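Residue numbers (the numbering used here): 82 to 423.
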């Protein structure tokens, strides 16, 4: 496939299927021309060098249980009066939040701050407004115009440490070009997603077993794994390990440093909002006919050191018992406890 170009584009790898030779395929401002036999081409998108000011910032990267929590590119410079399009681009939900300088933030924990814009809106920001999308998923878009010279920060209210900056300069001053923005976005995305093996190894290192005096075992399961970078952090939305094999009478303890739940749903009960249901533990010994719910663990960044991080259950009977994180279950954050006879 022949591609007119000069700059590698985007935080993703695309596959372009071409049904006939020499047929142009247009993706936004990218033009591709196939000069090879009909088929498919997979690789980084390449675009003409574009010296216009950067216009796109990606909010998050990654799919399913692999979550890159970062704005890409994290730090851009634009001329006064230009608009940035913030595009939510990960399966993990996020917020886009700007605070009003000199004013206190809204009351309550940041995840519950009110949303005052919707996907597709266009708004202006000069540092004096509070702007918050609320928790949104892939495909959400917000256009923000910056009329005032200055340096402005923004962040994700549900992922502490996920932040970005916009420097607005007078006309005629150097700025981040469109091509530079795409290249940096891809570089930053690849740097974060390349940490998956490290994060997985770190998560599995938290899996331990402790033999107690009565001969039973306490198994420790790490809930989630985080590796930080200069521009954000990678988070694996997984239990480590996803399947625990134990014996009747043993105990499993889950430990979380970031927000997750450990929830065993009884037959016929659908998932529910974990923030609206308090922790539920009818007994220390697990009964598969009843609900067991840790509540949201790992809220230390929002509540303080008193926030619970652990949840444990003893499994007296053999069986296979699935459980789920109600915050990330739709992304595949599930686990299983397999109990064998002692």
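Don't be surprised by glycine CBs; every beta carbon is placed ideally from N, CA and C. For clarity, every value in this text was computed on a predicted model and none was experimentally measured.
Among the options, nearest to residue i - alpha-carbon criterion
i           : options            : result
residue 372 : 380, 299, 403, 136 : 403
residue 391 : 283, 401, 377, 385 : 377
residue 296 : 309, 314, 156, 332 : 332
residue 154 : 257, 210, 133      : 257
residue 399 : 406, 312, 417      : 417
residue 231 : 419, 241, 246      : 246
residue 495 : 330, 374, 293, 243 : Residue 495 falls outside the range modelled here, since the chain spans only 82 to 423, and no answer is possible.
residue 158 : 195, 190, 227      : 227
residue 298 : 148, 395, 306, 170 : 395
residue 184 : 357, 212, 264, 356 : 212
residue 383 : 169, 188, 131, 136 : 188
residue 386 : 233, 337, 291, 367 : 337
residue 355 : 367, 410, 131      : 410
Cα-Cα separation between residue i and residue j, rounded to whole angstroms
i           : j           : result
residue 102 : residue 182 : Because residue 102 sits at a pLDDT of 31, beneath the cut-off of 50, its placement in the model cannot be relied upon, and the point is left open.
residue 421 : residue 186 : 52 angstroms
residue 253 : residue 161 : 10 angstroms
residue 235 : residue 179 : 5 angstroms
residue 423 : residue 393 : 20 angstroms
residue 152 : residue 352 : 30 angstroms
residue 286 : residue 279 : 11 angstroms
residue 200 : residue 272 : 28 angstroms
residue 95  : residue 140 : Unreliable placement is indicated for residue 95, whose pLDDT of 38 sits below 50; no coordinate value is reported for it.
residue 206 : residue 138 : 15 angstroms
residue 312 : residue 269 : 7 angstroms
residue 408 : residue 255 : 42 angstroms
residue 277 : residue 379 : 21 angstroms
residue 191 : residue 216 : 10 angstroms
residue 328 : residue 414 : 24 angstroms
residue 364 : residue 307 : 31 angstroms
residue 156 : residue 334 : 40 angstroms
residue 218 : residue 171 : 7 angstroms
residue 208 : residue 388 : 33 angstroms
residue 322 : residue 282 : 11 angstroms
residue 239 : residue 261 : 28 angstroms
residue 82  : residue 203 : Residue placement at residue 82 is poorly supported in this model, since its pLDDT is 31, which falls under 50; the coordinates still yield a value, given next. When rounded, the distance between both Cα atoms is 37 angstroms.
residue 241 : residue 221 : 20 angstroms
residue 193 : residue 369 : 33 angstroms
residue 266 : residue 381 : 30 angstroms
residue 109 : residue 264 : Any answer about residue 109 is weak, because its pLDDT of 31 lies below 50 and its placement is not dependable; what the coordinates show is given next. Going by the C-alpha atoms only, they are around 17 angstroms apart.
residue 135 : residue 176 : 21 angstroms
residue 233 : residue 144 : 29 angstroms
residue 168 : residue 367 : 43 angstroms
residue 291 : residue 326 : 14 angstroms
residue 131 : residue 359 : 52 angstroms
residue 357 : residue 284 : 28 angstroms
residue 210 : residue 314 : 27 angstroms
Limits of the alpha helix (DSSP H) - the one that residue i falls within
i           : result
residue 284 : 277-286
Run of the beta strand (DSSP E) containing residue i, from where it starts to where it stops
i           : result
residue 290 : 289-292
residue 429 : Coverage of the chain is limited to positions 82 through 423, which leaves residue 429 absent and any answer about it impossible.
residue 393 : 391-396
residue 418 : 415-421
residue 410 : Here residue 410 belongs to no beta strand (DSSP E), and DSSP marks it neither H nor E.
residue 403 : 400-405
Any non-hydrogen atom of the ligand ADP closer than 7 angstroms to residue i Cβ
i           : result
residue 164 : Looking for the ligand ADP in the displayed structure turns up nothing, as the structure carries no ligands at all.
Test item: CB-CB of residue i and residue j under 8 angstroms
i           : j           : result
residue 198 : residue 214 : yes
residue 342 : residue 316 : no
residue 412 : residue 164 : no
residue 346 : residue 304 : no
residue 150 : residue 237 : yes
residue 289 : residue 301 : yes
residue 319 : residue 133 : no
residue 330 : residue 397 : yes
residue 223 : residue 142 : no
residue 401 : residue 375 : no
residue 419 : residue 324 : yes
residue 229 : residue 250 : no
residue 173 : residue 196 : no
List in chain order: all unbroken beta strand (DSSP E) runs of 3+ residues lying wholly within the stretch 305-378.
313-321, 324-328, 331-337
Extract the residue ranges of the beta strand (DSSP E) inside the stretch 158-202, only unbroken runs of 3 or more that lie entirely within it.
163-169
What are the uninterrupted segments assigned as beta strand (DSSP E) that are 3 or more residues long and contained completely in the stretch 204-262, given in chain order?
222-227, 231-236, 244-250
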